[in-house]
Every structure is written in C-alpha cells, then in structure tokens.
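Residue numbers (our numbering): 3 to 115.
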C-alpha cells in the first residue's frame, strides 16, 4: 500500500509542472517577449467561369461509321447539342442531322444495316 501511495505522489509532483508548461504553450505565454507576425495568404487563383465548366463542348462523342467512310459527333446547333455527320477526310464539311432545340442529344449510335 505504501508503494502505491508513493507512486501516486510522484505522479502528482510531475503532473503539476507538466500541466503548467502545456497550458503556457497553448496560450502563447511560453515566450512573452516574442511578437507574432501576420503572414499574408497568397492570392486565390481566379474562378473558372461557369460556361467553361458546364457549357457545351465544341465537339464530343466522335464515332466512326461501320463502313469507315464517315464520322459522327455531337456539336452545338444554336447552343443545343445535336448529331453531326462528316466525311472522315474532312471533318469541317460536317452538317447537323438532328435539329433538337430543347434538351440536346446526349447519346447516339450508328445503325449496323
């Protein structure tokens, strides 16, 4: 029993100064002569415009026809995604083959006939 009491008293003797040091460190009183300097946060980069994140792509979902002579892709017509078809050799000669004006075409497939 005496051994337990002596170990408890030594814990109390060590715990009190340790608690004081921890409290002083947490409150900033560890070095009263020290001054704090404010560091400036770096400037935040500019926000990405919503149109870039959520707008229609220029061209998307490219698919080659079963015979390999044409390509189809999604591109906007008056701001709405539609299916376009063009010769493989000249994508710029493409023309829209759908005329959706509301929600836009999201997915399409070539027919294997």
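Even glycine gets a Cβ: it sits at the ideal position worked out from N, Cα and C.
Candidates the options: closest to residue i by CA position
{"i": "residue 81", "options": "57, 52, 47 and 111", "result": "57"}
{"i": "residue 101", "options": "47, 78 and 42", "result": "78"}
Collapsed DSSP secondary structure at residue i in the structure displayed
{"i": "residue 110", "result": "coil"}
{"i": "residue 105", "result": "coil"}
{"i": "residue 46", "result": "coil"}
Residue i classed as buried or exposed, judged by whether at least 16 other C-beta atoms fall within 10 angstroms
{"i": "residue 84", "result": "buried"}
{"i": "residue 75", "result": "buried"}
Own chain, CB closer than 7 Å to residue i, minus 5 neighbours either side, in chain order
{"i": "residue 19", "result": "none"}
Contact set for residue i: own chain, Cβ-Cβ below 6 Å, skip 5 residues either direction
{"i": "residue 106", "result": "82 and 83"}
{"i": "residue 93", "result": "none"}
{"i": "residue 110", "result": "85"}
Contiguous beta strand (DSSP E) assignments of at least 3 residues, all confined to the segment 69-95: 72-79 and 82-89
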